Amino acid sequence: MPDAPARDVLAVDGLVRRFGKLTAVDGVSFHVAPGETYGLLGPNGAGKTTTISMIAGLIRADAGTITVAGEPVGPQHVAVRRRIGLVPQDLAIYPELTARENLRFFGRLQGLGGHDLARRVADVLQLVGLDSRADGATKEFSGGMKRRLNIGIGLLHRPELLILDEPTVGVDPQSRNAILESVEALSVEGMAVLYTTHYMEEAERLCDRIAIVDSGRIQAEGTRDDLIRMLGGVDQVRLAGDGDLEAAAAALRELPAVERAEAGADHAVVLAVRDAPSAVASLVTGATEAGLALHDVEITRPNLEAVFLHLTGKALRD
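Numbered by full-length UniProt numbering, the letters in the sequence shown go through residues 1 to 318 in order.
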């Protein structure tokens, strides 16, 4: 008998939140499975933080439902919060305490104690890469180290759902990479992660599925490849060389993978190609046989920036 499918850790249905005449979240629905990292990708003001504040039970929803591990979530439902770890944008640590002391303090607030607390503190310090600095005062930490400690605090009580709200804002590239490596390790442990960001590369690197959020609504949802296919999954290829560009373009149009081929003004043929990496050999052969002496091949693949622009009519950081 086949195993029953795993129940979603988080299920959000028809979520709405208004502030006066402003509808900050407008009918948002999605789900997150065990071991999945789900991204909310959108600019500041898109409604991401309001959404996760409702999911964490900090503010009420005007409409819609939220469940975590099958239990309803809201300000009046206190017990379910033990299943949730929230890592806010603002740091929630005590600078005069060491990393270990911070973790012990917050662990006690989460109901941990004794050997279990000591073991969890040690495990979390190792996971976020702070075990060598465990007994240093956090006021001496870099911004990235403080951010990693913030994540560790959210992990202490072994939540089934970890919510990370823009965890890399304002940190240097090296610290940012360390934070992303820590997040990548979480889904391996089977934890469901809800990750908000306005950085395309973070969403592409970390998230199994991504929701593009703008103006309080989910504009599109899916894996990176699902979203790219919304643009037709067509790559751009630029073949630069010397020779009869018009003849080369005409010959290349006959190839099955080529949707368009035009002679450019800069000694190049520009093509729209389905799955360019697998077709590039035939493109080079076709161009060469048509008399083009190639000296450069450039492939540009669609990315989430292009998808976001297509869906919203604006760049992500507008």
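Glycine included, each C-beta is placed from N, C-alpha and C at the ideal position. Just so it is clear, the structure is predicted and the values come from calculations on it, not from any experiment.
Nearest candidate by alpha-carbon position, reference Tyr199, set Phe308, Gln76, Asp244: By one-based count along the sequence shown, residue 199 stands at place 199. Taking only the C-alpha atoms, the option nearest Tyr199 is Phe308.
- prompt: When you compare only the Cα positions, how much space is there between Ile52 and Val237?
  reply: Numbered from its first residue, the sequence shown carries residue 52 at position 52. Numbered from its first residue, the sequence shown carries residue 237 at position 237. Approximately 40 Å between the Cα atoms of the pair.
query: When the Cα atoms are used, what is the spatial distance from Arg133 to Leu127?
result: Against the sequence shown, residue 133 aligns to sequence position 133. Against the sequence shown, residue 127 aligns to sequence position 127. Rounded to whole angstroms, Arg133 to Leu127 spans 13 Å at the Cα level.
field: Element boundaries [beta strand (DSSP E), containing Gly107]
entry: Indexing the sequence shown from 1 puts residue 107 at position 107. Where Gly107 is concerned, there is no enclosing beta strand (DSSP E), although the alpha helix (DSSP H) it sits in stretches over 99–109.
CA-to-CA distance, Leu294 to residue 348, given in whole angstroms: Summary: the structure shown does not reach residue 348, with the chain confined to residues 1 through 318, and so no result is reported for it.
field: Cross-strand partners of Pro72 (DSSP beta bridge)
entry: Taking the sequence shown and counting its residues from 1, the one referred to as residue 72 is at position 72. Thr67, per the DSSP bridge assignment.
query: Going by Cα to Cα distance, which pick from Ile153, Asn303, Lys139 is closest to Gly232?
result: Looking up residue 232 in the sequence shown gives position 232. Taking only the C-alpha atoms, the option nearest Gly232 is Asn303.
Boundaries (first-last residue) of the beta strand (DSSP E) holding His115: Translated into the one-based positions of the sequence shown, residue 115 becomes position 115. Taken as a continuous stretch (DSSP letters only), His115 belongs to no beta strand (DSSP E), being part of the alpha helix (DSSP H) at 114–127.
- prompt: What are the residues that DSSP puts in a beta bridge with Val262?
  reply: Here residue 262 corresponds to residue number 262 of the sequence shown, with the count starting at 1. Correcting the residue type first, residue 262 is Glu in the shown sequence and not Val. Bridge partners of Glu262: Val270.
Secondary structure of Ala250, DSSP reduced to three states: Position 250 of the sequence shown, counting from 1, holds the residue named residue 250. Helix.
Inter-residue Cα distance where the pair is Ala248 and Pro277: Looking up residue 248 in the sequence shown gives position 248. Looking up residue 277 in the sequence shown gives position 277. So the alpha carbons of these two residues sit roughly 19 Å apart.
- prompt: Which same chain residues, not among the five before or five after Ala137, have their C-beta less than 8 Å away from its C-beta?
  reply: For this step, residue 137 is matched to residue 137 along the sequence shown. Within the same chain, Ala137 has close Cβ partners Pro95, Glu96, Leu97, Thr98.
Alpha carbon of Leu255 to alpha carbon of Leu283, nearest angstrom: Start at 1 with the first residue of the sequence shown, and residue 255 comes out as number 255. Start at 1 with the first residue of the sequence shown, and residue 283 comes out as number 283. Cα to Cα, the separation comes out at about 8 Å.
message: In this structure, how does DSSP classify Val12 when only helix, strand and coil are distinguished?
response: Reading the sequence shown from its first residue, position 12 is the one you call residue 12. Residue state, collapsed to three classes: strand.
- prompt: Taking C-alpha atoms, which residue in Ala290, Gly74, Val297 lies nearest to Val270?
  reply: Indexing the sequence shown from 1 puts residue 270 at position 270. Checked all of Ala290, Gly74, Val297; the closest Cα to Val270 is Val297.
message: Need the endpoints of the beta strand (DSSP E) that Gly39 sits in, please.
response: Within the sequence shown, residue 39 is the residue found at index 39, counting from 1. Segment 37–41, the beta strand (DSSP E) holding Gly39.
message: Only counting the same chain, and skipping five residues up and downstream in sequence, which positions put a Cβ closer than 8 Å to that of Arg176?
response: Here the question's residue 176 lines up with position 176 in the sequence shown. Within the same chain, Arg176 has close Cβ partners Gly144, Thr168.
Other residues of its chain near Ala290: CB distance less than 6 Å, five sequence neighbours each side excluded: One-based indexing of the sequence shown puts residue 290 at position 290. Once the five neighbours on either side are set aside, the close Cβ partners of Ala290 are Ala247, Ala248, Ala251.
- request: Taking Leu206 and Leu180 to be in contact with their CB atoms under 8 Å, please state how far apart those CB atoms are, rounded to whole angstroms.
  value: Sequence index remark: in the sequence shown, residue 206 carries index 206 (1-based). Sequence index remark: in the sequence shown, residue 180 carries index 180 (1-based). That pair is a contact at about 6 Å.
- request: Count the other C-beta atoms from every protein chain shown that fall within 10 angstroms of the C-beta of Glu189, then say buried if there are 16 or more, exposed otherwise.
  value: As a working note, residue 189 is residue 189 in the sequence shown. Looking at its Cβ environment, which holds fewer than 16 other Cβ atoms inside 10 Å, Glu189 is exposed.
- request: Would you kindly check if the distance between the Cβ of Gly14 and the Cβ of Ser29 is under 8 Å?
  value: Taking the first residue of the sequence shown as 1, we reach residue 29 at position 29. Taking the first residue of the sequence shown as 1, we reach residue 14 at position 14. Going by C-beta atoms, Ser29 is nearer than 8 Å to Gly14.
- prompt: In the structure shown, what three-state DSSP assignment does Phe19 receive?
  reply: Walking along the sequence shown from the start, residue 19 turns up at place 19. Phe19 falls in the strand class under three-state DSSP.
query: Is the distance from the Cβ of Leu103 to the Cβ of Val121 below 8 Å?
result: The residue given as residue 103 occupies position 103 in the sequence shown. The residue given as residue 121 occupies position 121 in the sequence shown. A contact, by the Cβ cut-off of 8 Å.
query: Does the beta-carbon distance from residue 320 to Ala24 come in below 8 Å?
result: Not covered by the structure: residue 320. The range shown for the chain is 1 to 318.
- prompt: So what does DSSP say about Glu189, is it helix, strand or coil?
  reply: Taking the sequence shown and counting its residues from 1, one reaches residue 189 at position 189. Correct three-state label for Glu189: coil.
message: Helix, strand or coil for Val78? Go by DSSP, reduced to three states.
response: Numbered from its first residue, the sequence shown carries residue 78 at position 78. Three-state result, Val78: coil.
query: So, are the CB atoms of Ala56 and Ile84 less than 8 Å apart?
result: Within the sequence shown, residue 56 is the residue found at index 56, counting from 1. Within the sequence shown, residue 84 is the residue found at index 84, counting from 1. The answer is yes: Cβ separation under 8 Å.
message: Please return the same chain residues whose Cβ sits closer than 8 Å to the Cβ of Lys146, not counting the five positions on each side in sequence.
response: Taking the sequence shown and counting its residues from 1, the one referred to as residue 146 is at position 146. The answer, listed in chain order, is Leu91, Ile93, Thr138.
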